[in-house]
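Chains as they are written, first to last, in the numbering used here: chain E, 1 to 278; chain R, 279 to 546; chain Z, 547 to 813.
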Amino acid sequence: MSTAKPAGATPGPSPADALLSVEALVKVYPGGKRALDGISFAVGRPEVIAIIGSSGAGKSTLIRCINRLVEPTSGRIRLKDTEIAGLPRRELRRVRRRIGMIFQEFNLVERLTVMENVLSGRLGSVGFMASLMRRFPPQDVSGAFALLDRVGLDGYHDTRADALSGGQRQRVGIARALMQRPDLLLVDEPTASLDPKTARQIMRLICTLAQEHNTPALVNIHDVALAQSFASRVIGLKGGRVVFDGPPATLNAGVLTEIYGAEDWSQTIRRTGEDDEE
Amino acid sequence: MSEAAKRYPEIWQRRSLRETVTSWLWTVSLAAAAVWSITMLDIEWAFFRDAHEQAIDLAERMWPPRWSYLPVIIGPLLETIHIATIGTAIAYVFSVPLAFLAARNTTLNGFTWAIGRTLLVASRSVNTVIWGLLFVAIFGPGPVAGIAAVAARSVGFLAKLVAESIEEADRGPVEAIESTGAGTGQVYLFGIMPQVMPVLIGTTVYRWDINVRESSVLGFVGAGGIGLQLYASINQFAWQQVLIVLAAILVIVLISEAVSAYVRARIS
Amino acid sequence: MTAATYPTRWRPPPAFFGTRRRYWIFTGCVILYFAWSLSTLNVDVNRMLAGFPRALDIFARMVPPDFSKGQLLVKGMLESVQMAFAATLIGAVLAVPLGIAAARNMAPRPVYLAARGFIVLNRTFHEIIIAIFFVKLFGFGAVAGLLTLALSSWTFCGKMLAEDIENVRMGQIEAVRATGAGFAQTIVYSVVPQVLSRTVGVLIYRLDANVRHSTVIGIVGAGGIGQTLSASFSRYDYDFAAAILLCIAALVALGEWFSDWVRRKLR
Chain E
1 MSTAKPAGAT
11 PGPSPADALL
21 SVEALVKVYP
31 GGKRALDGIS
41 FAVGRPEVIA
51 IIGSSGAGKS
61 TLIRCINRLV
71 EPTSGRIRLK
81 DTEIAGLPRR
91 ELRRVRRRIG
101 MIFQEFNLVE
111 RLTVMENVLS
121 GRLGSVGFMA
131 SLMRRFPPQD
141 VSGAFALLDR
151 VGLDGYHDTR
161 ADALSGGQRQ
171 RVGIARALMQ
181 RPDLLLVDEP
191 TASLDPKTAR
201 QIMRLICTLA
211 QEHNTPALVN
221 IHDVALAQSF
231 ASRVIGLKGG
241 RVVFDGPPAT
251 LNAGVLTEIY
261 GAEDWSQTIR
271 RTGEDDEE
Chain R
279 MSEAAKRYPE
289 IWQRRSLRET
299 VTSWLWTVSL
309 AAAAVWSITM
319 LDIEWAFFRD
329 AHEQAIDLAE
339 RMWPPRWSYL
349 PVIIGPLLET
359 IHIATIGTAI
369 AYVFSVPLAF
379 LAARNTTLNG
389 FTWAIGRTLL
399 VASRSVNTVI
409 WGLLFVAIFG
419 PGPVAGIAAV
429 AARSVGFLAK
439 LVAESIEEAD
449 RGPVEAIEST
459 GAGTGQVYLF
469 GIMPQVMPVL
479 IGTTVYRWDI
489 NVRESSVLGF
499 VGAGGIGLQL
509 YASINQFAWQ
519 QVLIVLAAIL
529 VIVLISEAVS
539 AYVRARIS
Chain Z
547 MTAATYPTRW
557 RPPPAFFGTR
567 RRYWIFTGCV
577 ILYFAWSLST
587 LNVDVNRMLA
597 GFPRALDIFA
607 RMVPPDFSKG
617 QLLVKGMLES
627 VQMAFAATLI
637 GAVLAVPLGI
647 AAARNMAPRP
657 VYLAARGFIV
667 LNRTFHEIII
677 AIFFVKLFGF
687 GAVAGLLTLA
697 LSSWTFCGKM
707 LAEDIENVRM
717 GQIEAVRATG
727 AGFAQTIVYS
737 VVPQVLSRTV
747 GVLIYRLDAN
757 VRHSTVIGIV
767 GAGGIGQTLS
777 ASFSRYDYDF
787 AAAILLCIAA
797 LVALGEWFSD
807 WVRRKLR
């Protein structure tokens, strides 16, 4: 297996025993737009990896290609020992059960209760009739209650999702993803629809929970400061290519300029040192 | 520029000459078409001459209403409501799978979509009463034919509106459920059904209200309900009974309209 | 935090009802209702079962549809379309005064109530009931059908127009009134521009509805293709009936497509 090492290589295992490895991933949209142009990286240990880049750099496409909500044009995606690209529908579903996803717009089913939304993370493990009757195994139900408690929504189980605030909805989204007991978390702009304070709380929650569950998380984020304060590794995308891959401390004005274009970065970088105060 | 030099037009018209001509042409051709339609129907104008006398005569013969007929029609009245309710309930059950078949984003392939659409068009383009004719030929006269007719017509009505609502459903939750690795049926159940439920219930209640009105005439073709008594009374020239039946229909239709409006207001 | 224990059972709260008890009461009532209604209907299961082979038989006799009596078919269809078209126009013209009379912000209270009562009374009765009265008054044939459709178009368009008029912006009416305009002038200059485009949409919809209804009122003898259809059914002439049904379906689909097309253009 010969793979070009990603730019700014991080210490990590070879793709063969990685938790997740992406090789030469290409996505060309029907209109001819080349959203991903040969992305390669590997995730060797459970850590939070922030993917940064300006809008249109391919962040969202990358995340969505990994669980194939977007069908990649070519390349390989390997989750532990499973090759995801090219899997037939049935097996794809089995792999998706191992990948939790958190969305920018939360994507809760608004007219269902919080509990139903959280339990929907277990749909892969119950049959159709059981899901119709809302009969989930006892350990899933108690697991869901525990997760709700953990994300700070104890007592909200019978509330309808459309009665929640944005931050609360994202907490439900997080609980739903963790309900899957995933091998990997895909997080697509989790804070873009939230106010700055809630955004920090949600980011912290995602990172702590990823750590607690020993799960690697890929987090799309365009707030560089947030990425720097929460991630242990940052991947910078530009024009569908990886232009940076390294620890947040090594992000400097030069790198940011390469990712986002020329701008005064001194404010952004200085905030890295100070940590949150809430 | 001096004040005097500026001249203003003295004639103002809203439309240009061409627009005026077009709009007149439209009016004239519509009128011509109407006149042609009416003349083609070979109307016997003589009938119009004494129509008002006939109408007054009819009204006089209707009064006073024959109250003794009221107990006789209680049964048929209830039957009318039952036909509407059971028919609507059957249509409710079948409309959901049909809607998923006929919605572009949930159907299996182009072929199943075509089947779904054909069933929709077939159900909707045949009137309830004509469905009644057909089912009377199949099941024989009686309320079963009426129920089948109501169900056959309503299933397309409900499924069309539900299918539209499926096509307009928010993609986000659907994607989220898909990404948990749920099966297709579960994605529909959790991702789509909650979104279309209000439309399904609202249109069902609305259709039930229409169906009460429809089943009041199903008896004309032998498909059960109060229509049979109405038709019989008219044919026997028992106009005092006709008035009672009409009043009874008025009452149940108004009640069903009120119930339907109340339920729909509570849902939204 | 000590190891908390969480419940292992959870049932969704019943939607619409608030409490589970009310939900069960409602469900019980529904079941009881269906049991009661089915028991009163004297459903003869054997006769129903016998219906299914008969349905196949009828269906077999419907195929292939018999288009050989084309002239009768064309005559009936044409009559239906003519009734529908003429009735829509008559109804539309008559709907203008009715619409104004039934608009709360235009008409004096007694006129308003009378107009509303007339509309409700007419809209309650199915077209077929109205048709049967016109058949009694004017004899069998297209006249009764034309009058039936005209009457129902009249009240339908009148109702829609009244609602549109009630929704017009009062400010514009007041502005025109303030110039000293009379009643008719007020209507032409402030009401008409506001309701015109929607009214055209309503008319097109009504034309479509009239085409549909014109296919059934013939069953009680009020002319059109329905009369032909009903006759063919009573003669067990199922292959001709199938041809008629196909033509009706085609006509209705065409009407719906046309009405969608016009309304899209208007928007």
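All C-beta atoms, glycine included, are put in the ideal place defined by N, C-alpha and C.
Under the Cβ distance rule, L112(E) counts among the residues neighbouring chain R, one pair being separated by less than 8 Å.
Going by C-alpha positions, Q731(Z) is about 23 Å away from E297(R).
Among the residues of the region 673–689 of chain Z, those with a Cβ less than 9 Å away from any Cβ of chain R are E673, I674, I675, I678, F679, K682, L683, F684, G685, G687, A688, V689, in the order of the chain.
For F244(E), the three-state secondary structure derived from DSSP is strand. Taking the C-beta atoms as reference points, R204(E) is found no nearer than 8 Å to F244(E). Bounds of the alpha helix (DSSP H) holding S142(E) are 138–150. Within chain E, no residue has its beta carbon less than 9 Å from that of W570(Z); the closest one is some 16 Å off.
The beta carbon of G124(E) sits closer than 8 Å to some beta carbon of chain R. For the region 6–85 of chain E, the full-length beta strand (DSSP E) segments reaching 3 residues or more read 20–28, 34–43, 48–52, 74–79 along the chain.
If you draw a straight line from the Cα of G100(E) to the Cα of A796(Z), it comes to about 50 Å. The region 634–699 of chain Z contains, as complete alpha helix (DSSP H) runs of 4+ residues, the segments 655–670, 673–684 (chain order). With a cutoff of 8 Å on beta-carbon distance, I51(E) and I235(E) are scored as near each other. By the Cβ rule, the region 699–719 of chain Z does not count as touching the region 774–790 of chain Z, because fewer than three pairs are nearer than 8 Å. Spanning the alpha carbons of A649(Z) and L112(E) requires a straight line of approximately 42 Å. Where N592(Z) is concerned, the enclosing alpha helix (DSSP H) starts and stops at 591–608. As computed with DSSP, A217(E) is found in a beta bridge with V48(E), L185(E).
Per DSSP, reduced to three states, the secondary structure at R97(E) is coil, with no helix or strand assignment.
In its chain, beyond the 5 residues on either side, R758 have a beta carbon closer than 6 Å to the beta carbon of V798(Z). Interface with chain R (8 Å Cβ-Cβ cutoff): E105(E) is included.
Residues G767 of the same chain have their beta carbon placed closer than 7 Å to that of F686(Z), with the five preceding and five following residues left out of the count. Contact annotation: the region 496–515 of chain R does not touch the region 456–476 of chain R, with fewer than three C-beta pairs closer than 8 Å. Taking 8 Å as the threshold, the shortest C-beta distance from Q180(E) to chain R falls below it.
Taking 8 Å as the CB threshold, Q507(R) stays off the interface with chain E. Looking at the backbone, the Cα of G726(Z) and that of A647(Z) are separated by about 22 Å. Remark: C-beta atoms of F498(R) and I674(Z) approach each other more closely than 8 Å. Within the same chain, F136, A144 come within 6 Å of L119(E) by CB-CB distance, once the 5 residues on both sides are set aside.
Beta-bridge annotation (DSSP): V234(E) is paired with A50(E), G246(E).
Spanning the alpha carbons of W341(R) and Q519(R) requires a straight line of approximately 10 Å.
When DSSP states are grouped into helix, strand and coil, I102(E) belongs to the strand group.
Counting of Cβ neighbours within 10 angstroms places F326(R) among the exposed residues, the total staying below 16.
Contact of L108(E) with chain R is assigned, a C-beta pair being separated by under 8 Å. Within chain R, the residues G461, G463, Q464, L467 have their CB atoms less than 9 Å from the CB of F128(E), given in chain order. Within chain E, the C-beta atoms nearer than 8 Å to that of T554(Z) come from P138, Q139, V141, S142, in chain order.
R160(E) is bridged by DSSP to T113(E). Counted as a single uninterrupted DSSP element, the alpha helix (DSSP H) harbouring P451(R) occupies residues 449–456. For a cut-off of 8 Å, the C-beta gap from L528(R) to T670(Z) is around 5 Å, short enough to register as a contact.
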